[in-house]
Amino acid sequence: MEQYALDAVERVTTRQPEVYDTIAVDPLTPLLGAEVSGLDLAKELTDDQVDEVKRAFLAHHVLVFRDQTLSGEDHKRLASHFGELHPVALSPDGSDEFILEISATRESRAVAGAGWHADGTADAEPSLGSMLYITRTPEIGSGGDTLFANMHLAYELLSPAMKTFLDGLTAVHDGLLAWQGQTPPPEYVVPKTEHPVVARHPETGRKLLFVNGAYTSHIVQLARDESRAVLDMLFAHIARVPMLHCRVRWAPNTLVFWDNRCVQHHATWDYYPHSRYGQRVAINGLRPQPGGTAAP
165 MEQYALDAVE RVTTRQPEVY DTIAVDPLTP LLGAEVSGLD LAKELTDDQV
215 DEVKRAFLAH HVLVFRDQTL SGEDHKRLAS HFGELHPVAL SPDGSDEFIL
265 EISATRESRA VAGAGWHADG TADAEPSLGS MLYITRTPEI GSGGDTLFAN
315 MHLAYELLSP AMKTFLDGLT AVHDGLLAWQ GQTPPPEYVV PKTEHPVVAR
365 HPETGRKLLF VNGAYTSHIV QLARDESRAV LDMLFAHIAR VPMLHCRVRW
415 APNTLVFWDN RCVQHHATWD YYPHSRYGQR VAINGLRPQP GGTAAP
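Okay, structure coming up:
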């Protein structure tokens with residue numbers, strides 16, 4: 165590994181660890197993800213508990229909560245501690261627009277979340293994060309893991325020359341791409357937004373790579389072939405560098421909360437013809453801000 169990449173990893177792994185009084189936090193890897201215990205999420209959290217979950221969230225980006233029994237109202241109340249709820253479901257029948265059902269069965273021909281992506285980046289203000297609560301896992305007892313990738317580290321592992329090249333560029337995120345040739349329902353207004361290729365996290369100020377295969381169509385400042393080559397390189401970098409990743413193995417009644425601003429995820433569909441079911445709630449975010457000049 166190049167020295168600049170080793171230096172980037174060392175900066176992350178040698179930071180002073182957070183200290184918690186009301187929760188236990190066990191990292192999934194030194195670079196991404198943690199399991200949090202000591203909370204019953206069906207109960208109203210104290211201010212101290214919320215503060216510590218927020219600190220763990222900023223430190224680890226992906227939080228896993230096991231053995232939780234939640235109603236839809238519990239789920240939404242938990243998410244509301246982190247901001248206003250973000251509509252996630254088209255609800256012409258009057259169902260809850262803030263709860264998206266994530267379901268796969270023998271009849272499914274595709275599943276939500278397959279392929280590396282961040283949720284809804286074609287929106288002008290993509291969500292802050294998502295909380296997915298899985299209540300039914302495949303009957304065979306395994307399968308359906310979700311992979312996560314750290315976009316801070318994805319940026320930091322690029323060469324200094326590539327960082328300098330990408331800083332200041334913008335890319336178009338097109339909501340139609342995620343439909344993969346299918347026609348969206350008539351009530352869906354397809355979003356399309358230009359975002360910085362390199363952005364800064366609004367709370368920590370850390371730089372991150374903000375392009376993904378599901379929504380990013382092209383880099384505005386480059387010719388079409390140049391844009392395709394650069395994006396394909398970045399998408400391969402995200403998908404093929406294991407150091408960026410952590411894996412969450414689902415069990416019934418598990419909730420995972422991820423930071424959509426600096427994490428991409430990939431739902432593995434390796435359990436067909438078996439089924440899986442859960443519900444997802446999202447939290448409103450802000451428009452991504454440019455990362456600025458690359459660090460030396």
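165 is the number of the first residue of the sequence shown in the numbering used here; add one for each residue after it.
Even for Gly, the Cβ is constructed at its ideal location relative to N, Cα and C.
The C-beta of A172 has 16 or more other C-beta atoms within 10 Å across all chains shown, which makes the residue buried. Cβ contact annotation for T299 (same chain, cutoff 7 Å, sequence separation greater than five): P416, N417, Y441 and G442, in chain order. In this structure the stretch 368-377 touches the stretch 305-319; the number of beta carbon pairs closer than 8 Å is three or more. For G377, the closest alpha carbon among the candidates S267, G279 and I266 is that of G279. Under DSSP, Y436 shares a beta bridge with no residue.
Using a C-beta cut-off of 8 Å, the stretch 180-189 makes contact with the stretch 203-215, since at least three inter-stretch Cβ pairs fall below that distance. Under the criterion of beta carbons closer than 8 Å, V394 and E358 do not qualify as touching, at roughly 16 Å. Residue environment analysis places M295 among the buried positions, since at least 16 neighbouring C-beta atoms fall within 10 angstroms of its C-beta. Burial check for P194: the Cβ neighbour count within 10 Å stays below 16, so the residue is exposed. Following the DSSP letters along the chain, one finds K218 in no beta strand (DSSP E) but inside the alpha helix (DSSP H) bounded by residues D211 to H224. Looking at the backbone, the Cα of V405 and that of A318 are separated by about 9 Å. DSSP places M326 in the uninterrupted alpha helix (DSSP H) bounded by P324 to L330. Exposed is the label assigned to S244, since fewer than 16 other Cβ atoms lie within 10 Å of its Cβ. Under the three-state reduction of DSSP, F421 is assigned to strand. Taking a cut-off of 8 Å on C-beta distances, the stretch 223-237 touches the stretch 198-207, as three or more cross pairs fall below it.
Taking 8 Å as the cut-off, the Cβ atoms of I447 and G247 count as close. Inside the stretch 237-287, DSSP marks whole beta strand (DSSP E) runs of 3 or more residues at positions 264-268, from first to last along the chain. Straight across, the Cα-Cα distance linking G236 with L408 is about 32 Å.
With 16 or more other Cβ atoms from the protein chains shown falling within 10 Å of its own Cβ, L398 counts as buried. Non-local beta-carbon contacts of L333 in its own chain, meaning distances under 6 Å to residues more than five positions away in sequence, involve V361, I383 and Q385 in chain order. With a cutoff of 8 Å on beta-carbon distance, G449 and P350 are scored as not near each other. In its chain, beyond the 5 residues on either side, P302, E303 and I304 have a beta carbon closer than 6 Å to the beta carbon of H438. Using a 10 angstroms sphere on the CB of K327, the tally of other CB atoms reaches 16 or more, which defines it as buried. When the five nearest sequence neighbours on each side are left out, the beta carbons in the same chain lying within less than 6 Å of the beta carbon of P366 are those of L450, in order along the chain.
Between the alpha carbons of H429 and I402 lies a gap of roughly 10 Å. Counting other Cβ atoms within 10 Å of its Cβ, P181 stays below 16 and is therefore classed as exposed.
In the DSSP assignment, Q344 falls outside any alpha helix (DSSP H), carrying neither H nor E.
Taken through DSSP and simplified to helix, strand or coil, Q443 comes out as strand.
Residue state for F312 is assigned as strand, using DSSP reduced to three classes. One Cα belongs to P348, the other to V412, and the distance between them is close to 30 Å. If you compare the alpha carbons of L192, N424, Y168 and L419 with that of T233, the shortest gap goes to L419.
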